[in-house]
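Using my numbering, read the sequence shown as starting at 19 and increasing by one per residue.
By construction, the Cβ of each residue, glycine as well, lies at the ideal position given by its N, Cα and C atoms.
Just so you know, these numbers come straight off a predicted model, no measurement behind them.
Scroll down for the structure; my scribbles are underneath it.
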Amino acid sequence: SVHPMREEGVKEILKKADADWGVVEKLISESKLIEIEYQGKKYYMRKI
């Protein structure tokens, strides 16, 4: 199953991978990742 990740979690993974937020933006633009807002927080998940 695919679970959304909080924005903070995504940023931590990017930091460990020595990558920047551009990776997330690229995946969103390619429709491979979606951004969801829930209770004022942003979440990201793979598009299924």
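{"Asked": "I need the boundaries of the alpha helix (DSSP H) containing residue 29, first residue and last residue.", "Found": "25-34"}
{"Asked": "Does DSSP put residue 66 in a helix, in a strand, or in coil?", "Found": "coil"}
{"Asked": "Thinking residue 51 and residue 61 are a contact (beta carbons under 8 Å), I'd like their distance in whole angstroms, please.", "Found": "In fact, because the Cβ distance is near 11 Å, the residues do not count as touching under 8 Å."}
{"Asked": "Report the three-state DSSP secondary structure of residue 53 (helix, strand or coil).", "Found": "strand"}
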